[in-house]
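Trainee:
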Amino acid sequence: MAVKRTLDVALGTTGLDERGLPVSIPLGLETPGATAVEEAPRLGGEHMLLNIGPQHPATHGVLRLVVELDGEVVVRVIPHVGYLHSGFEKLGEYRHYNQIVPLTDRMDYLAPMANNVCLALAVEKLMGIEITERCKVLRVIACEISRIISHLVWLGTTGIDIGAITPFLWMFQEREKFYNLQEAWTGARLTTSLTRVGGLMADIPDGFEADLRAHCRSLLKVMAEVDRVLTRNGIWAGRTQGIGVLTAEEAINMSMSGAMLRASGVAYDVRKDRPYLDYETYDFEVPIGEHGDVYDRYLVRFEEVLQSARLLDQALDRLPDGPINVADHRVILPPKHAAMTDMESMIHHFKQVMEGVPAPVGEAYCSIESPKGELGYYFVSDGTAKPVRWRVRPPAFINLSALPKMSQGHLLSDLIAINASVDIVMGEVDR
Amino acid sequence: MNPSADALKRRFGAAIRRVTESCGDTIVTIQPERNREILAWLKDEPDQAYNYLVDVTAVEYRDAERPLEVVYELFALGRNAALRVKAELAKDGTLVIDSVVPLWAGADWLEREVYDMFGITFRGHPDLRRILMWETYAEGYPLRKDFPLRGRFSRSEQVRQALNANPEAHYSLDELGIAEAYHELPPDMRERLARGERGRIPDAPGGP
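Residue numbers (the working numbering), protein chains in the order written: chain A, 83 to 513; chain B, 2 to 209.
If you want it as structure tokens, here you go:
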């Protein structure tokens, strides 16, 4: 519950102890390891209405918060979303399944490859397509690179929101390396459109594996440094511990997912509990928190980056040779040279481009553990090449709905920290 | 096939209209009037324990004869079982169904989105407002099949309305009531707010 934890971390350091860690000085009290929380004086009087956003860097996009304040204490938060609403779900109903891939890039634009993968998995479930082994492993690599990129951005920007600028620079420097890999693979830094139904847009380029391994190693070094700068930092802990607490029951009841759920102590990870892409055969841990506050969300995401690096290593180890696409050219475009020289391939090419690939009548819900939480795509088909309904289960949207509850009674400055801890991306919230 | 489907049939009988399977997912279609009762049973019954509401959404088919469907995607944490529950609402009737916010707080925004996009009213929802579209949005419900892809109004009309929107339209009456500045608003605006009006779009000079 919302018990303020004691802070036994260093505020100002007088040097390093024998383990090389900063010597800790308990904050402000004679008895070590104890902290008193002073009641803020009640000012009384009228409440104030404060409008934050939609154009404000601390809202991480075009989120608008109308806040009712009693002095500096948040009485109520009314979030306004929808400024980036683009009607993707409606647009999807007018497109072939493969034409929806570019729309998914623009939803969670901090992890576009994970979105691409989720779309492909959902459509493949709907159509009953088995993808190749190499494709599976490459998609795992895509998902985990996305997770690393997204969590690095989260860590950097959340650091800025709370006043730590240095990690932001380190994180973006690291992220740049992974972005370069992403660009080498897909040709784009943001709008990757990596997957196709039944395969991938392209195989990884030469030198990709060696670079990825090297970047994972350098990532660990930087993360260790962030760990030293933030995890035991008195200001960081003071700004995040006991802030925005959700208990396990509340988190489940509010349909939280991803780090928001796991920080509250619920070990639900789609990769473990509803495995896809053979995640059950990989060796990785699902970190869970204990207090459900901003600090635990930080710890969970931090550990997830390290676990993703582990997963990438394992995926590279097992990456088999072979085709990335299914052999059935009724669902995936034949190679260009075949389409130009072989009659049958040309017919397949023509039919796919002009008519699309029809899905059987039915419906499928498929979810993945995206960096933000459980990202689910729900397709309903009436037997044509365009879905009747394409529904996105947006993790950031649902996580954001807990913001009013989490920030009640906290200071205005804590509202910024809590909002940052949700890890929203407005492209996905508004769709 | 998920065993919960048979348990539901035994418990609720005719209120379970259909059980189907698609792509390995079990789909139970229920009587819409009893949605809250059935979902509460699924949530609280120890053998079922579908404690996690994954998603609430709606589906409208291209076939105009088919009813609208409200879709609840459930998951049992710990037991790792998924179940999809659907309630059909006839299009010629009133599109009303009980809200499940009393069961899952997470349904709050999800139901608001379904209301916003499909015009389905959730009885008992604590704060049923549009969520992705703005409150004064007058073109209808975007994800309905009779809604044209580019909207009902012409582009020029959409621009005109956007430019003419009153600043106070961006705040709900509720929110303006918080503000100290409420007392400093011009009298006519206060009066309109007191009447519950949420911003007004002035007519174009030559009529609408």
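Each residue gets a CB set at the ideal place from its N, CA and C atoms; glycine is no exception.
Keep in mind it's a predicted model, so treat the numbers as computed, not measured.
Relative to the C-alpha of B:Ala163, which residue among B:His126, B:Glu136, B:Pro188 is closest?
Mentor: Counted from its first residue, the second sequence places residue 163 of chain B at position 162. Checked all of B:His126, B:Glu136, B:Pro188; the closest Cα to B:Ala163 is B:Glu136.
Trainee: I need the boundaries of the alpha helix (DSSP H) containing A:Cys225, first residue and last residue.
Mentor: Here residue 225 of chain A corresponds to residue number 143 of the first sequence, with the count starting at 1. A:Cys225 -> alpha helix (DSSP H) spans 215-244.
Trainee: Against chain A, does B:Leu129 count as a neighbour if the rule is that its beta carbon must be under 8 Å from one of theirs?
Mentor: The residue you call residue 129 of chain B lines up with position 128 of the second sequence. Closer than 8 Å: no.
Trainee: DSSP three-state call for A:Ala116: helix, strand or coil?
Mentor: For this step, residue 116 of chain A is matched to residue 34 along the first sequence. Low local confidence applies: a pLDDT of 44 at A:Ala116 is under 50, so the model's placement there is unreliable, with the coordinate-based value given in what follows. A:Ala116 falls in the coil class under three-state DSSP.
Trainee: Nearest-angstrom Cα distance between A:Cys298 and A:His233?
Mentor: Position 216 of the first sequence, counting from 1, holds the residue named residue 298 of chain A. Position 151 of the first sequence, counting from 1, holds the residue named residue 233 of chain A. Approximately 14 Å between the Cα atoms of the pair.
Trainee: Look at B:Arg11 and B:Ile31 and say whether their C-beta atoms are less than 8 Å apart.
Mentor: Counting from one through the second sequence, the residue named residue 11 of chain B turns up at place 10. Counting from one through the second sequence, the residue named residue 31 of chain B turns up at place 30. In this structure, B:Ile31 does not lie closer than 8 Å to B:Arg11 by Cβ.
Trainee: Please look up how many angstroms separate the CB atoms of A:Arg344 and A:Val368, rounded, as I've assumed it's under 8 Å.
Mentor: Along the first sequence, read from residue 1 onward, the residue named residue 344 of chain A stands at position 262. Along the first sequence, read from residue 1 onward, the residue named residue 368 of chain A stands at position 286. The Cβ separation is near 7 Å, so the contact holds.
Trainee: Which of the three DSSP states, helix, strand or coil, is assigned to B:Asp64?
Mentor: The residue you call residue 64 of chain B lines up with position 63 of the second sequence. In the structure shown, B:Asp64 sits in coil (DSSP, three-state: anything other than H, G, I, E or B).
Trainee: How about A:His178: is its C-beta nearer than 8 Å to some C-beta of chain B?
Mentor: Counting from one through the first sequence, the residue named residue 178 of chain A turns up at place 96. Output row for A:His178: interface = no.
Trainee: Could you pull the DSSP bridge partners for A:Thr277 from this structure?
Mentor: Here residue 277 of chain A refers to the residue found at position 195 of the first sequence. DSSP lists A:Leu282 as partners of A:Thr277.
Trainee: For A:Ala345, does the three-state DSSP call read helix, strand or coil?
Mentor: As a working note, residue 345 of chain A is residue 263 in the first sequence. Here A:Ala345 sits in coil by DSSP.
Trainee: Distance check for A:Tyr447 and A:Tyr459, CA to CA, integer angstroms please.
Mentor: Position 377 of the first sequence, counted from the start, is the residue given in the question as residue 459 of chain A. Position 365 of the first sequence, counted from the start, is the residue given in the question as residue 447 of chain A. Answer to the nearest angstrom: the Cα atoms are 6 Å apart.
Trainee: Is the number of C-beta pairs between the region 390-403 of chain A and the region 217-227 of chain A that are closer than 8 Å three or more?
Mentor: yes
Trainee: Nearest CA to the CA of B:Leu75: which residue from B:Glu61, B:Ile28, B:Asp64?
Mentor: The residue given as residue 75 of chain B occupies position 74 in the second sequence. Comparing Cα positions, the closest option is B:Ile28.
Trainee: Going by the beta-carbon positions, is the gap between A:His492 and A:Ile325 smaller than 8 Å?
Mentor: For the purposes of this step, residue 492 of chain A is identified with residue 410 of the first sequence, where counting begins at 1. For the purposes of this step, residue 325 of chain A is identified with residue 243 of the first sequence, where counting begins at 1. Closer than 8 Å, so yes.
Trainee: Return the first residue and the last residue of the alpha helix (DSSP H) that B:Glu158 is part of.
Mentor: The sequence position of residue 158 of chain B within the second sequence is 157, counting from 1. Where B:Glu158 is concerned, the enclosing alpha helix (DSSP H) stretches over 156-165.
Trainee: For a contact defined as C-beta to C-beta under 9 Å, what are the partners of B:Val60 on chain A?
Mentor: The count along the second sequence starts at 1 and reaches residue 60 of chain B at position 59. The answer, in chain order, is Glu445, Tyr460, Val462, Val470, Arg471, Arg473.
Trainee: Classify A:Cys448 as helix, strand or coil using the three-state DSSP reduction.
Mentor: Against the first sequence, residue 448 of chain A aligns to sequence position 366. In this structure, A:Cys448 counts as strand in the three-state DSSP scheme.
Trainee: Please say whether A:Val474 and A:Val462 have beta carbons closer to each other than 8 Å?
Mentor: One-based indexing of the first sequence puts residue 462 of chain A at position 380. One-based indexing of the first sequence puts residue 474 of chain A at position 392. No, the pair does not count as a contact, with Cβ atoms beyond the cut-off.
Trainee: Could you give the distance in angstroms between the alpha-carbon of A:Tyr380 and the alpha-carbon of A:His373?
Mentor: By 1-based counting over the first sequence, the position of residue 380 of chain A is 298. By 1-based counting over the first sequence, the position of residue 373 of chain A is 291. When rounded, the distance between both Cα atoms is 12 Å.
Trainee: With 8 Å as the threshold, decide whether the Cβ of A:Asp512 is near any Cβ in chain B.
Mentor: Translated into positions along the first sequence, residue 512 of chain A becomes position 430. Closer than 8 Å to some Cβ of chain B, the Cβ of A:Asp512 qualifies, so yes.
Trainee: Are the C-beta of B:Ser23 and some C-beta of chain A separated by less than 8 Å?
Mentor: Residue numbering aside, residue 23 of chain B sits at position 22 when the second sequence is read from its first letter. For B:Ser23, the answer is yes, since a Cβ of chain A falls inside 8 Å of its Cβ.
Trainee: Please classify A:His419 as buried or exposed, where buried requires at least 16 other C-beta atoms within 10 Å of its C-beta.
Mentor: Numbered from its first residue, the first sequence carries residue 419 of chain A at position 337. So A:His419 ends up on the exposed side.
Trainee: Could you tell me which residues DSSP pairs with A:His373 in its beta bridges?
Mentor: Position 291 of the first sequence, counted from the start, is the residue given in the question as residue 373 of chain A. A:His373 pairs with nothing; no bridge assigned.
Trainee: Is A:Lys454 close to chain B? Criterion is C-beta to C-beta, closer than 8 Å.
Mentor: Locating residue 454 of chain A in the first sequence gives position 372, where the first residue counts as 1. A:Lys454 does not count as touching chain B.
Trainee: Which residues, in order along the region 73-106 of chain B, keep a beta-carbon less than 9 Å from a beta-carbon of chain A?
Mentor: Residues of the region 73-106 of chain B whose Cβ lies closer than 9 Å to any Cβ of chain A, in chain order: Glu74, Phe76, Leu78, Gly79, Asn81, Ala83, Arg85, Leu104, Trp105, Ala106.
Trainee: How far does the beta strand (DSSP E) with B:Val72 in it reach, from first residue to last?
Mentor: As a working note, residue 72 of chain B is residue 71 in the second sequence. From DSSP, the beta strand (DSSP E) with B:Val72 extends over 69-77.
Trainee: Kindly say whether A:Ile182, judged by its beta-carbon, lies nearer than 8 Å to any beta-carbon of chain B.
Mentor: Here residue 182 of chain A is taken as the residue at index 100 of the first sequence, counted from 1. Judged by the 8 Å Cβ criterion, A:Ile182 is not in contact with chain B.
Trainee: Among the candidates A:Val435, A:Met425, A:Gly340, A:Ser390, whose CA atom is the shortest distance from the CA of A:Ile224?
Mentor: Translated into positions along the first sequence, residue 224 of chain A becomes position 142. Here the sequence assigns Ala to residue 224 of chain A, which means Ile is not the residue at that position. Nearest option by C-alpha distance: A:Ser390.
Trainee: Could you tell me which of B:Ala59, B:Asp93, B:Arg35, B:Arg85 sits nearest to B:Val20, measuring between CA atoms?
Mentor: Position 19 of the second sequence, counting from 1, holds the residue named residue 20 of chain B. Among B:Ala59, B:Asp93, B:Arg35, B:Arg85, the Cα nearest to that of B:Val20 is on B:Arg85.
Trainee: Against A:Leu208, what residues of chain B qualify as contacts under a CB-to-CB distance less than 7 Å, listed in chain order?
Mentor: Your numbering for residue 208 of chain A matches position 126 in the first sequence. Correct list: Cys24.
Trainee: So who's on the other strand from A:Phe384, going by DSSP bridges?
Mentor: If you number the first sequence from 1, residue 384 of chain A lands on position 302. Note: A:Phe384 sits in no beta bridge, so no partner.
Trainee: Name, in chain order, the residues that DSSP records as bridge partners for A:Trp472.
Mentor: Residue numbering aside, residue 472 of chain A sits at position 390 when the first sequence is read from its first letter. DSSP, once it has assigned bridges, lists A:Phe461 as partnering A:Trp472.
Trainee: Taking the continuous alpha helix (DSSP H) assigned at A:Ile211, which residues delimit it?
Mentor: Taking the first sequence and counting its residues from 1, the one referred to as residue 211 of chain A is at position 129. It is not in any alpha helix (DSSP H) - A:Ile211 carries neither H nor E in the DSSP assignment.
Trainee: Would a C-beta distance cut-off of 8 Å place B:Gly107 and A:Ile160 closer than the cut-off?
Mentor: As a working note, residue 107 of chain B is residue 106 in the second sequence. As a working note, residue 160 of chain A is residue 78 in the first sequence. No, they are not a contact pair.
Trainee: Taking the beta strand (DSSP E) that A:His162 falls in, what are its first and last residues?
Mentor: Your numbering for residue 162 of chain A matches position 80 in the first sequence. Its beta strand (DSSP E) spans residues 155-162.
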